[in-house]
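Comments concern the structure below.
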Amino acid sequence: GKTCLIAERMNNNGQLTATDASESRLELLRENCNRMKVTCATLVQADKVTADGAKFDRVLVDVPCTNTGVMRRRLDLRWRLNPGEYGTLSRTQLDLLGQAATKTKPDGHLVYSTCSIEPEENGQLVARFVKANPEWQLTDERSLNPIENHTDGAYAARLIRRVGD
């Protein structure tokens with residue numbers, strides 16, 4: 001969904017690199033891109049991009065999360081969620097945000113997103129990242145709450161990498 005939407009916003013022009021750690025999810029993405037006639041996207045396994053020295057003007061990191069924002073349509077989550085896993089998950093999220101930051105050019109934009117409504121995975125995590133990385137500035141953040149917004153819950157934060165300020 002997100003890759004195809006970004007390609008649409010780019011009018012299917014330019015260069016869009018989409019990554020995932022999972023080859024099976026990349027294959028689904030490949031099928032979606034073909035179905036939606038997306039031609040500007042290059043799909044790459046995440047570890048190959050990490051090893052590559054390429055940097056990007058804009059980066060979206062959609063991290064694995066507790067999925068609490070989609071709980072109303074995924075009832076199985078109520079029995080799968082384990083509060084003890086939050087610490088491990090937030091470390092993974094912070095690590096992925098840090099990796100994405102290294103792939104962002106100076107004065108580039110980085111968007112961090114989850115489908116969670118948990119502050120530990122969202123604003124609190126972004127605040128920790130910005131505090132530890134002063135070259136990054138939070139420019140905008142949005143939260144969707146299933147009860148208030150009548151939609152799935154989600155969070156997104158836009159950061160900019162300031163260099164030489």
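Take the sequence shown: its position 7, counted from the start at 1, is 7 in full-length UniProt numbering, and no numbers get skipped. Backbone N, C-alpha and C fix where the C-beta goes; we use that ideal spot for every residue, glycine too.
Which listed residue (G69, Q99, R128 and E27) has its alpha carbon closest to that of S116: In the sequence shown, residue 116 corresponds to position 116, counting from 1. It is G69.
Close Cβ partners of A21 (< 6 angstroms) along its chain, the five nearest in sequence each way excluded: Working through the sequence shown from its first residue, we reach residue 21 at position 21. Cβ within range, chain order: A46.
Nearest neighbour of R30, chosen from S113, T3 and M10 [CA to CA]: For this step, residue 30 is matched to residue 30 along the sequence shown. Nearest of S113, T3 and M10 to R30, Cα basis: T3.
Distance between beta carbons of L5 and A41, contact taken as under 8 angstroms: For the purposes of this step, residue 41 is identified with residue 41 of the sequence shown, where counting begins at 1. For the purposes of this step, residue 5 is identified with residue 5 of the sequence shown, where counting begins at 1. Contact flag wrong, Cβ pair sits at about 11 angstroms.
CB contact flag (K131, F56, <9 angstroms): Locating residue 131 in the sequence shown gives position 131, counting from the first residue. Locating residue 56 in the sequence shown gives position 56, counting from the first residue. Cβ distance not < 9 angstroms, so K131 and F56 don't count as in contact.
Cβ contact (3+ pairs, closer than 8 angstroms) linking the segment 90 to 109 and the segment 59 to 69: yes
S22: first and last residue of the uninterrupted alpha helix (DSSP H) it sits in: One-based indexing of the sequence shown puts residue 22 at position 22. Taken as a continuous stretch (DSSP letters only), S22 belongs to no alpha helix (DSSP H), as it is neither H nor E.
Contact belief for T19 with P64 at Cβ below 8 angstroms, rounded distance in angstroms: Counted from its first residue, the sequence shown places residue 19 at position 19. Counted from its first residue, the sequence shown places residue 64 at position 64. At roughly 14 angstroms, the Cβ-Cβ gap does not stay under 8 angstroms, so T19 and P64 are not in contact.
Cut-off 7 angstroms between Cβ atoms - residues of its own chain near N12, not counting five sequence neighbours on either side: Reading the sequence shown from its first residue, position 12 is the one you call residue 12. So the qualifying residues of the chain are V38, T39 and C40.
Start-end ranges of the beta strand (DSSP E) lying completely within the segment 72 to 136, minimum 3 residues: 104 to 114
Residue from G14, A7 and Y86 whose Cα sits closest to the Cα of R35: Along the sequence shown, one-based indexing puts residue 35 at 35. The option with the nearest alpha carbon to R35 is A7.
Integer Cβ distance of A101 from L110, believed to fall under 8 angstroms: Taking the sequence shown and counting its residues from 1, one reaches residue 101 at position 101. Taking the sequence shown and counting its residues from 1, one reaches residue 110 at position 110. About 6 angstroms separates the two Cβ atoms, so the contact holds.
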